[in-house]
Amino acid sequence: MQRPIYLDYNATTPTDPQVLEAMLPWFTTQFGNAASRTHLYGWEAAEAVSLARQQIAQLLGASEKGIIFTSGATEANNLALKSVCEAIPSPKHIITVATEHKAVLDVCTYLQSQGVAVSVLQPDAQGLISIEQLEAARRPDTCLVSVMFANNETGVLMPIEAIGTWCKQHQVIFHSDATQAVGKIPMDVQALHIDLLSLSGHKLYAPKGIGALYVNPRLKLKLEAQLHGGGHERGLRSGTLNVPGIVGLGKACAIAQSLLHEESIRLTGLRNRLEASLLALPHTLLNGAKDKRLPNVCNIAFGKIDGEMLLDSLYGVAVSSGSACTSASVLPSHVLKAMGLPDDLAYSSIRFSLGRFTTSDDIERAIDHVTATVFSFTQ
Ligand SMILES: Cc1ncc(COP(=O)(O)O)c(C=O)c1O
């Protein structure tokens, strides 16, 4: 049986063969613990970790001292938000957006239960927020703003530079969940005034189970660790380092950096071809700001067709409705709902996300398959 065409790169990416190759020795011959200071095995591992830190820092325009390894973006977001809130005396107030991933929203709900005031901004119909909204939400005790770089469902890019500048001006710490943006678009944490940034290996061709939090080394606050133990990662994240995963993440960042321009042009072309064909179908519409998006995503509402039924019939393409991370729930996507979509349109929406191994043949076959399926519902 032919496997479906994979158009769900925002859910997860395959590990790039070059990444896998770079990782392999760190499972077998070079298996040392990066914290072993007394022998070659440990020194080699520590050196590999240091190279990975440089590779990641370079992709972010960051200092390598700021890279803290985690198990992924969920942990990085938890660490970012909780470590700031625990380090700042009450009263305190944080600002976030209704379209964030649950790995931010649910942490905010938890923090609220611990006495932190939380403002959740509602985006406009394009999925964007404005500086005026931040200004209106600001209070004397606002200490943290958490706004994602790119939305996982729509690919919409938030006005990160303007938000960073606003945060700097008001001495508010700025965290951005950049899980979907890292490796897809250029970024420079210093120029953007980002203090904390979350990323995840499995969204950029490294394996699952590895990620990082960038922490601006010039941040004046002493963050509170969430895992206590051996004091690894500048005391912020104890636990023996996942050396193969870290090596893989470093290599994935180096590859992403070298391909960034070319890959973004290629994927924009393929995505636009797919999008134009799907938007030519009856009752379809694009979700999210057309011109402020990642190059690899389109999220389309199929009007009068039930999304779950459509997904069931689209066995030839692997795509997702709403966020794959919350696919256990059958509620309409909280992202699309926050953008003002009615339930029926939110339910009928499908995310197509392309990646490094998507070919133009894949796109042509996907167009044929989706078109035929949609017509089978409307006949
Ligand atoms: C924007 C965003 N943040 C966080 C996460 C969670 O990442 P991880 O799987 O590394 O915990 C995801 C995963 O889909 C995501 O898209």
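Start counting at 1 in the sequence shown, then tack on 8, and there's your number in the numbering used here. Where a beta carbon is used, it is the ideal one built from N, C-alpha and C, also for glycine. If you're wondering where the values come from, they're calculated on a predicted model, not measured in any experiment.
Residue i - partner residues in DSSP beta bridges
| i | result |
| --- | --- |
| SER121 | Paired residue(s): none; SER121 is not in a bridge. |
| SER206 | ASP185, LEU221 |
| ASP16 | SER361 |
| LEU165 | ALA158 |
| VAL408 | Nothing about residue 408 can be read from this structure; the chain reaches only from 9 to 387. |
Candidates the options, of which the one nearest residue i by Cα
| i | options | result |
| --- | --- | --- |
| THR187 | LEU207, TRP34, VAL115, VAL251 | LEU207 |
| GLY217 | MET166, LEU231, GLY324, THR78 | THR78 |
| ASN250 | ALA220, ARG242, ALA262 | ALA220 |
| LYS312 | ALA284, ASN280, SER357, LYS300 | SER357 |
| LYS228 | VAL180, PRO99, THR36 | VAL180 |
| ALA326 | ASP351, GLY277, ASP370 | ASP370 |
| GLN6 | PRO12, HIS240, LYS259 | An answer regarding residue 6 cannot be provided, because it is not within the stretch 9 to 387 covered by the chain. |
| ARG226 | SER71, GLN265, ILE193, GLY50 | SER71 |
| GLY191 | ALA95, ALA264, ALA309, GLY135 | ALA264 |
| LEU89 | ASP351, ASP320, ASP114, GLY239 | ASP114 |
| LEU204 | PRO350, THR46, LEU87 | LEU87 |
| THR292 | ASN307, ASN280, ARG61, ASP299 | ASN307 |
| ALA8 | VAL57, ASN280, ALA297, LYS100 | Missing from the structure shown is residue 8; the chain here goes from 9 to 387 and no further. |
| GLY237 | SER266, ASP149, ALA43, ASN280 | ALA43 |
| ILE254 | SER246, GLU140, PRO25, LEU59 | LEU59 |
| TYR118 | CYS93, ARG281, ASP351 | CYS93 |
| ARG245 | ILE202, GLU83, HIS47, VAL57 | GLU83 |
Short Cβ contact (8 angstroms threshold) for residue i with residue j
| i | j | result |
| --- | --- | --- |
| ASP185 | HIS109 | yes |
| THR248 | ASN85 | no |
| LEU362 | ASN304 | yes |
| LEU152 | HIS178 | no |
| LEU68 | VAL197 | yes |
| LEU302 | ALA158 | yes |
| GLY324 | HIS377 | yes |
| GLY256 | ALA214 | yes |
| ILE76 | SER154 | no |
| THR162 | ALA346 | no |
| ILE13 | ALA288 | no |
| PRO290 | THR386 | yes |
| GLN120 | VAL126 | yes |
| SER91 | GLU241 | no |
| ASN295 | LEU339 | no |
| PRO194 | ASP149 | no |
| ASN224 | GLY74 | yes |
| PHE360 | LEU275 | no |
Beta-carbon contacts of residue i that lie in its chain and below 6 angstroms, excluding the five residues immediately before and after
| i | result |
| --- | --- |
| LEU200 | ILE168, GLU169, GLY172 |
| LEU322 | THR381 |
| ILE137 | VAL105, LEU129, PRO131 |
| ALA262 | GLN63 |
| SER285 | ILE375 |
Residues near residue i in its chain [Cβ-Cβ closer than 8 angstroms; skip 5 each side]
| i | result |
| --- | --- |
| GLU52 | GLN38, GLY40 |
| GLY80 | SER208, GLY209, HIS210, LYS216, GLY217, ILE218, GLY219 |
| MET9 | none |
| LEU142 | ILE103, LEU129, VAL153, ILE171, TRP174 |
| GLY50 | GLY40, ASN41, ALA42, ALA43, SER44 |
| SER384 | SER321 |
Residues of its chain near residue i, where Cβ-Cβ distance is below 7 angstroms and the 5 sequence neighbours each way are ignored
| i | result |
| --- | --- |
| SER368 | LEU278 |
| THR334 | Interpretation of THR334 is limited by its pLDDT of 49, a score under 50 that renders its predicted location unreliable; no figure is taken from the coordinates. |
| PRO252 | MET31, TRP34, PHE35 |
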